[in-house]
Amino acid sequence: MGQRTPLYDLHKELGARLIDFGGWDMPVQYSSQIGEHHAVRRAAGIFDVSHMCVVDLHGERVRAFLEHLVANDVGRLREPGKALYTCMLNEAGGVIDDLIVYFIDDDWFRAVVNAGTRKKDLAWIRRHAGEFAVAVRERTDLAMLAVQGPEARAKVVKLLSPARAQAALALTPFSGNELEGWFIARTGYTGEDGFEVMLPAGDAARAWRALNELGVASCGLGARDTLRLEAGMNLYGNDMDETHDPLESGLAWTVAFDPAGRNFIGRKALEEIRARGSGRKLVGLVLEDRGVLRSHQKVLVPGVGEGETTSGTFSPTLERSIALARVPAATGDHVQVDIRGRLLNASVVRPPFVRFGKPRVALGTGVAPQAPSSSSN
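Here our numbering runs 1 ahead of the position in the sequence shown, where the first position is 1.
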């Protein structure tokens, strides 16, 4: 038996198919994974992301601590509630985890880290927090819901008082606010608008049921993965990890080398990599032939070398197979992917594949539509 979120009993009641995910018993789907995917793209869906780790950081030097701990510059966060996506690196520049940091006030920041890296993240954060006299508090009392889709925000605010609803609707992207005991943030992992809501664990099931009654679809981790990949969003453990740096993982934009005097962990290693040039890059692939892209498939780049897919799936929105792949830096517009001994053609594109429900990549006439097989769930 794995760890359980406060919504475990509700997932069982709703008929979810539960799987082990990083040591947690989590819903992979409720009915149709593709149906749940389309619900988020076209209307609104709700996900249980309470397995994510919410960490509150308190202290007079908490800003200085985070300026040292993460690669992006939290010094830019000056408005309460503003958030920043960043990576936490080791000394070699490898990615320990990717996370979101929220500025609450001068003595309080909040971080949300991945479930699968929870223990090592907390150990790393606490290891470095001591010299800055920063208190680290894991918020196990909170649940976390992700409500995503073009209708998501309008549905969530129906659960709030009129004044609080207005404040929630006024949130700009990548910002949050404490409203009626819920921390509501305009963030997500689907390529759609919406909210991620951190709320007392005891409120979670009631909020979920209320959103279901408003027409918000219950969605599992299967749809969350196809949505995030269409949006070109990295998955820790697939698209980056401690053996890969952000510069070769499509995450150079999350590294702030200015100001020059900010000595964040991993900076020296990244400066050396940047100076000599990274030999690899992360790209998007759209399969032109019939087949299914998965992680860890060999990518052949004629005249250049080889790479590997890091994440792959059938895209319900594009009705194509898509992937992220780490390939040689000199890779051009076309590659071949070895799928069970067959070399299939793929176009190299710049993610995201889909944004706000609309395709962001050009699909050439040579790309053949395909129906999802049972292996795509």
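Don't be surprised by glycine CBs; every beta carbon is placed ideally from N, CA and C.
A quick note: this is a predicted structure, and the numbers were derived from the prediction, not measured.
Which same chain residues, not among the five before or five after residue i, have their C-beta less than 7 Å away from its C-beta?
i    : result
Y9   : D26
L90  : A72, V96, I97, I266 and G267
T188 : A84, I101, F175 and E197
S279 : L248, E249 and A330
L271 : G94, D246, L248 and V256
N264 : H69
G223 : V29, Q30, Q34 and N378
With a CB to CB cut of under 8 Å and the five nearest residues on each side skipped, what residues in its chain are close to residue i?
i    : result
H129 : F66, H69, L70 and I266
P7   : S51, A144, A202, G203, A205 and A206
Going by Cα to Cα distance, which pick from the options is closest to residue i?
i    : options                   : result
I20  : I126, E214 and G3         : G3
G342 : V55, P81 and L301         : L301
A144 : S162, E197, T188 and E152 : E197
V287 : D226, A224, P353 and N239 : P353
H12  : A153, R210 and R277       : R210
M241 : R154, D57, M199 and S296  : S296
A153 : G195, L319, Y103 and R119 : G195
D99  : A44, N239 and D106        : N239
V305 : D334, R321 and F315       : D334
I105 : V355, V284 and L58        : L58
L379 : S316, R263 and V328       : With the chain covering 2 to 378 only, the question about residue 379 has no answer from this structure.
V114 : V29, I126 and D108        : I126
V349 : V284, C88 and R321        : V284
Y103 : L123, C88 and V75         : V75
Taking the straight line between their C-alpha atoms, what separation do you get for residue i and residue j?
i    : j    : result
L15  : E181 : 27 Å
E273 : V157 : 46 Å
F258 : R42  : 36 Å
R351 : L345 : 19 Å
V135 : D290 : 54 Å
E139 : A112 : 10 Å
R276 : G36  : Inspection of the sequence shows that residue 276 is occupied by Ala rather than by Arg. Cα-Cα distance, rounded: 47 Å.
G60  : A218 : 40 Å
V336 : G358 : 27 Å
F184 : T332 : 43 Å
G117 : G23  : 5 Å
A169 : K121 : 33 Å
S33  : P151 : 20 Å
D339 : L294 : 9 Å
Y31  : A45  : 15 Å
A208 : R77  : 33 Å
Q167 : H39  : 28 Å
I'd like to confirm the pairing. Which residues does DSSP put opposite residue i in its beta bridges?
i    : result
K359 : R356
E14  : None; E14 has no bridge partner.
A347 : L288 and V336
H59  : W109 and A136
P7   : Answer is none; P7 lacks a bridge partner.
E307 : L301
R327 : L283 and E309
L19  : P28
T314 : I323
Can you list, in chain order, the residues of its chain whose CB lies under 6 Å from that of residue i, leaving out five sequence neighbours each side?
i    : result
G82  : S176, G177 and N178
F48  : A147, C220 and R225
R119 : C54
S375 : In this prediction, S375 has a pLDDT of 29, which is less than 50 and means its spatial position is unreliable; what the coordinates show is noted afterwards. Hits under 6 Å: none found.
Closest Cβ-Cβ distance between residue i and chain C: below 7 Å?
i    : result
R343 : Structure shown: chain C not included; a single protein chain is present.
At 4 residues or longer, and completely inside the stretch 139-214: list those alpha helix (DSSP H) runs for me, N to C. 153-157, 163-170 and 205-214
My parser needs the alpha helix (DSSP H) runs of 4 or more residues fully inside the stretch 201-275; what are they? 205-214 and 222-231
Which full runs of the beta strand (DSSP E) of 3+ residues lie inside the stretch 66-150, going along the chain? 84-90, 96-106, 109-114, 136-139 and 143-149
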